[in-house]
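Remarks on the structure that follows.
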Amino acid sequence: MKSSISYFILTLLLAGVFQVSNVSAQTLSLDDCINTALKGNSGLIAYRNAYNASIGQVQSAWGGILPTVDISVGARNNWPIRTQFDPGTGRIYSNENLYSGSLDIRASYPGLGLYTYANVKRSGHDRQSSFYEYRNARALLVLQVKGYYYDLLRAKMLRDVAQDAVKRGEERLRVAQSRYELGSASMSDVLKAKVQFSTDQLDLVDATNTYQLAKGNLAFVMGVDVNRDYEIAEPMEERTFDIDFNSALGEALSQNPEYRKSNFDLLVAQDNKTIAFSAFLPSLSIGMAHSTSVGKMADLPDLDMANASRTIYASLGLNIFNGFSDYANLRTARLSVESSRANYENSRNKVALEVRQAFLDKERSRDALDLAKESVAAAQEDVNLAREKYNLGAATILEVLDAEVSLKQAQTNQVQALFDYNLAISRLEKAMGRE
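Position one of the sequence shown corresponds to residue 47 (the working numbering), numbered consecutively onward.
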């Protein structure tokens, strides 16, 4: 009787906690959790900002093709005032006010323009590399959120399993006490039932604590207050994901962000080698300039003034010797290409291994889940038979306890198999470049 009262009090306390928390608790789906994490995760924000900065570098590289344009305008007031005759123009002018203006258009192309061309290519490839680095960080975050979300669902389902075990334990203890009072069971049966009932109650407390901790873990990865009160929307369902290994690998090699990034990293290294080689070529500079001085501001736009100065120039400059730094830079760039190519090939193998492992885990988890379902059905039937035999006096309390412990373990295994199956699918999706 005391055990029944203690279970009643425990149930009220747990129910009170859940009811109080549900008063203002927000219900979140998996998509809600993912979107929250994508908005508030500080690490992902840093990768996104790096990608946006790389876009600006592309614009800057293209600007290297365009010329530099300088315009200057000046005014000067002289005294004493002198009047002079300009024989060139036949005009009489004074030196009271003098206005000057100049226009300078120039462009410089290191390495006969090869540097500029390679720099534009490098900026574009670097932008793509930054984009896939951001995509990879995003995919890792989504996988992490899914893992913690499924972990929370698992904790919730295991808490339900523990609650069912406590209910069975209470019923088992009641039956044992009734049979003892009728003289058809021994005190040993009652004591064994009490011990198992206490164990089930302790397991429920542990399962409840695990559930609360799982909520905090998910809140942390979402970037929100770990003490925030919320509930999850849907139960953990068995997903359908039919794809063969070759199709999964083919999609991964075309979509996996980590592999795509390694490809663009190789292209960036090749562009850097081209830039290093351009240092051995002459630099080309071209430009034109125009300047004039007039007595009236309105005459400045007149490019045909007789006293105007016009210049068009072009020059080539070649660096003969700079302490072997150009040779060192070229050698470093070549070694960087070799390293990037090795990383690219290794990344391909890494993605293939990741797909294979996730695919095999999915298949194994699928089989384990089917076996777990069969085990639960068999364990439930065994519990029913053991109870009937015990009620008829044809079985001992130990047989009932063993059957119920086996049922609890089978239910736990089913929850774990369902968790492993869904997580394996999520890992396979991540390897394939999906979110």
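Beta carbons are placed, not taken as given, at the ideal position from N, Cα and C, and that holds for glycine.
Under the three-state DSSP convention, the category residue i falls into
i: Thr286; result: coil
i: Ile321; result: helix
i: Val115; result: strand
i: Asp271; result: coil
i: Ile151; result: strand
i: Asn68; result: Residue confidence is low: Asn68 scores 43 on pLDDT, short of 50, so the model does not pin down where it sits. Its coordinate-derived value is still stated next. If DSSP states are grouped into helix, strand and coil, Asn68 belongs with the helices.
i: Ala440; result: coil
i: Ala463; result: helix
Endpoints, alpha helix (DSSP H) assigned at residue i
i: Glu481; result: Run containing Glu481: none; DSSP gives neither H nor E here.
i: Glu280; result: Neither: Glu280 is in no alpha helix (DSSP H) and is coded neither H nor E.
i: Gly363; result: Unbroken run through Gly363 is the beta strand (DSSP E), Ser355 to Gly363; no alpha helix (DSSP H).
i: Asp249; result: Met233 to Met268
i: Gly89; result: Ser88 to Gly109
i: Phe405; result: Ser371 to Asn437
i: Thr162; result: Leu160 to Leu228
i: Gly296; result: Phe291 to Gln301
Inter-residue Cα distance where the pair is residue i and residue j
i: Phe310; j: Ser175; result: 5 Å
i: Glu420; j: Gln455; result: 13 Å
i: Arg336; j: Gln105; result: The question names Arg, but residue 336 is His in the sequence shown. Cα-Cα distance, rounded: 29 Å.
i: Gln301; j: Gly479; result: 5 Å
i: Ile358; j: Glu384; result: 44 Å
i: Ala315; j: Leu330; result: 25 Å
i: Asp448; j: Asp428; result: 10 Å
i: Lys396; j: Leu474; result: 13 Å
i: Ala298; j: Glu304; result: 10 Å
i: Gln223; j: Ser452; result: 23 Å
i: Asp172; j: Ile111; result: 18 Å
i: Pro328; j: Gly109; result: 21 Å
i: Ile151; j: Asn98; result: 31 Å
i: Gln462; j: Ile101; result: 45 Å
i: Ala432; j: Leu417; result: 22 Å
i: Glu409; j: Ala424; result: 23 Å
i: Phe287; j: Tyr467; result: 10 Å
i: Leu250; j: Arg214; result: 13 Å
i: Leu438; j: Gln247; result: 28 Å
Limits of the unbroken beta strand (DSSP E) element including residue i
i: Val340; result: Ser329 to Val340
i: Thr73; result: Gln72 to Leu74
Integer-rounded CB distance, given that residue j should sit under 8 Å from residue i
i: Asp317; j: Ala164; result: 5 Å
i: Ile471; j: Arg181; result: So it is not a contact: roughly 20 Å between Cβ atoms.
i: Arg205; j: Ala253; result: 4 Å
i: Gly269; j: Asn87; result: 5 Å
i: Glu400; j: Ala477; result: 4 Å
i: Cys79; j: Tyr195; result: 6 Å
Measuring CB atoms only, is the segment 146-159 touching the segment 267-274, in the sense that at least three cross pairs come out at less than 8 Å? no
Do three or more CB pairs link the segment 372-387 to the segment 280-293 at distances below 8 Å? no
Hey, is the segment 203-221 in contact with the segment 239-248, meaning 3+ C-beta pairs nearer than 8 Å? yes
Would you say the segment 365-374 touches the segment 283-302, given that touching needs at least three Cβ pairs under 8 Å? no
Determine contact between the segment 200-207 and the segment 256-267, defined as no fewer than three beta-carbon pairs at a distance below 8 Å. yes
Touching or not, the segment 320-330 and the segment 169-187, by the rule of three or more beta carbon pairs under 8 Å? no
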